[in-house]
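Structure, as structure tokens:
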């Protein structure tokens, strides 16, 4: 910790930068086979010494430094000269350690990996993360006569037993009690998924059912949290007969399941059941995140077989073109994918806790260190938050399926190329999907960059661009999607001008955004109108769920979603 505020230590790092193990960046660079630009490094060194000199003189003069960082915004940091100097020196050192990455000569991918590794170090070394340098935690320790430390240690031990940091009060929620409560019935199950049919809530419903394919990473109830922010409940209330796939949390019995199984025995099987139960050849289909990748692949396979079950397709924060996978790119290269293949390609599980750790590392200050400070250093109990409860309810994935997904989608980006992939012996060509498409992206999404979500517009309906519609929402991968009209928060952007009128290139995301109109509130009504347009005539809902073939098994949300990893 002292190294982050000791200028002498930092000066030695600057002078020894090319030497392995001289500083945190040097060993990372050595592993990546990278070198630095000497002139740029010299300029950075001189600027650092000048800025640190100013900070040191201000400290000696008793001037409180400006701390433009929410981690150090409380009076405890501002009112203690040593704490404020410690925080300011950390921010300065962190700034220049991060800037060092730009002096590195290496490939774009390697530089991104170096930047990610450096950011992990920088975030971990914050003085807010340690009791000895966190004045807020020290004040609470004194005020509570040590009770905060006792509670903090108890919280830490409890989390160690659970295997994850508590992001929410996990006693406040229970799936089926106050989460995933939209009324419905499980009408079909196989070893891979259960199919839920939700109870209609309107006097009439659109003739064509809606089948929702959620991610198999985590659980479907992100789409059915509490009633006021449930996308499922909203869709039902808009007059849709809604069906939901509830993927099973993989255990040893599923450790040999493949990507082909998720398509054939998962999505295609569910489409067949919904067709029979709903009495319709065509459905409105929906995919969220990897669910969008799965449903698009399935529709392409069916198209090659001469079958077109989609009256429309909705894709939320989904990747079909994996050219730009944002920060996840740091985890994807031949070495890392080959390692996973050696471990679990032939059988085994990609454990949910490992996936959760990966996603937490993408936002460590928000999803790790914030809770270390609050829960452990200050002894606070995390407040109840349904979205973060869901975030901690991780799921395992079958090894063969996960390895296929990594290599063929993320590493080699084969899905976008017609004929490069085959499922069940049937080649995949996304351009063969014949259905209007509603594509949604979130502007601050760090998992599926919105420009990559927009990339689906280049792959679907290539001869009918008017059949595609793109909507851009505010916020990130989850919060942007789960934005109920009830709360009237955030905003979204649309641009429905024909190509050539306000859009320089039909499939250019930046040109699209330049001509887009911002609207306050939720984008959900835009989606509801799209479903209504392609839902067929309005009819009286069926009195009972299922059919003569597919009978009620158990009430929603079913038992698959309740299985812990």
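Residue numbers (our numbering): 1312 to 1876.
Just so you know, even glycine gets a beta-carbon here, dropped at the ideal spot from N, CA and C.
| Query | Result |
| --- | --- |
| Range covered by the beta strand (DSSP E) that runs through residue 1779 | 1779–1784 |
| Every unbroken alpha helix (DSSP H) inside the region 1380–1435 [4 residues or more] | 1386–1390, 1392–1411 and 1419–1435 |
| For residue 1483 and residue 1563, the rounded distance between their alpha carbons | 30 angstroms |
| Residue from 1751, 1693 and 1818 whose Cα sits closest to the Cα of residue 1776 | 1818 |
| Among 1435, 1434 and 1409, the one whose alpha carbon lies nearest that of residue 1423 | 1409 |
| Three or more C-beta pairs below 8 angstroms linking the region 1818–1829 and the region 1751–1771 | yes |
| Exposure of residue 1798, with buried meaning 16 or more beta-carbon neighbours within 10 Å | exposed |
| Same chain, Cβ closer than 7 angstroms to residue 1388, neighbours up to 5 away in sequence not counted | 1378, 1394, 1395, 1398 and 1446 |
| Reduced DSSP secondary structure (H/G/I, E/B, other) of residue 1867 | coil |
| For residue 1754, the three-state DSSP class (helix, strand or coil) | coil |
| Rounded C-alpha distance that separates residue 1940 from residue 1359 | Lying before the first or after the last residue shown, residue 1940 is absent from the chain, which here runs from 1312 to 1876. |
| Option in 1789, 1771, 1765 and 1579 with minimal Cα separation from residue 1804 | 1765 |
| Endpoints, beta strand (DSSP E) assigned at residue 1507 | 1504–1509 |
| Rounded straight-line distance, which links the Cα of residue 1622 to that of residue 1816 | Only weak support is given to the placement of residue 1816: the predicted model assigns it a pLDDT of 49, under 50, and the question is left unresolved by the model. |
| Candidates 1649, 1642 and 1687, of which the one nearest residue 1672 by Cα | 1642 |
| Enclosing beta strand (DSSP E) for residue 1553 [first to last residue] | 1553–1558 |
| Per-residue burial, residue 1451 [other beta carbons within 10 Å of its own, 16 or more giving buried] | buried |
| 7 angstroms Cβ shell around residue 1578 - same chain, five flanking residues per side excluded | 1524, 1605, 1606 and 1609 |
| Contact under 7 angstroms by Cβ, residue 1718 with residue 1648 | yes |
| Distance, residue 1631 Cα to residue 1849 Cα | 33 angstroms |
| Proximity to residue 1709 [Cα-Cα], best of 1540, 1432, 1846 and 1567 | 1567 |
| Residue of 1806, 1575, 1796 and 1697 minimising C-alpha distance to residue 1530 | 1697 |
| Counted within 10 angstroms of its Cβ, other Cβ atoms place residue 1846 as buried (16 or more) or exposed | buried |
| Euclidean distance between Cα positions of residue 1689 and residue 1473 | 20 angstroms |
| 7 angstroms CB neighbourhood of residue 1687 in its chain, flanking five on each side removed | 1463, 1466 and 1467 |
| Collapsed DSSP secondary structure at residue 1637 in the structure displayed | helix |
| Residue from 1547, 1677 and 1533 with nearest C-alpha to residue 1435 | 1677 |
| Beta-carbon spacing of residue 1785, residue 1802 below 7 angstroms | yes |
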